[in-house]
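A short worksheet on the structure shown next.
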Amino acid sequence: MGKLWQRNYHEHIIRNAPSHQKIAEYIINNLLLWQQDILFAL
């Protein structure tokens, strides 16, 4: 079937509200930037 985990992947425990906010912003911004990525259209 292939590999199950993404290479160099690591988990992060959210311990407080500022950490949660930082991670949420990263996820939202990462989704927005994906449309500008050269691999998006492939």
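When we follow the UniProt record's numbering, the leftmost residue of the sequence shown carries the number 1, and every step to the right adds one.
Note that CB positions come from ideal geometry on N, CA and C, so glycine has one too.
Note that this is a predicted model, so its numbers are computed, not measured.
May I have the straight-line CA-CA distance separating GLY2 from HIS20, to the nearest angstrom? As a working mapping, residue 2 is identified with position 2 in the sequence shown. As a working mapping, residue 20 is identified with position 20 in the sequence shown. About 32 Å.
Looking at the secondary structure, which residues open and close the alpha helix (DSSP H) in which ILE28 lies? Residue 28 sits at position 28 when you count from the first residue of the sequence shown. Unbroken alpha helix (DSSP H) run through ILE28: 17 to 34.
Which whole-angstrom value is the C-beta distance of ILE14 and ILE23, which I expect to be below 8 Å? The residue given as residue 14 occupies position 14 in the sequence shown. The residue given as residue 23 occupies position 23 in the sequence shown. So it is a contact: roughly 6 Å between Cβ atoms.
CB of PRO18 to nearest heavy atom of the ligand NAP: below 6 Å? Absence of the ligand NAP from the depicted structure is noted, as is the absence of any ligand whatsoever, leaving it without description.
Would you tell me roughly how many angstroms separate the C-alpha atoms of ILE38 and ASN8, rounded to the nearest one? Your numbering for residue 38 matches position 38 in the sequence shown. Your numbering for residue 8 matches position 8 in the sequence shown. One C-alpha to the other measures close to 22 Å.
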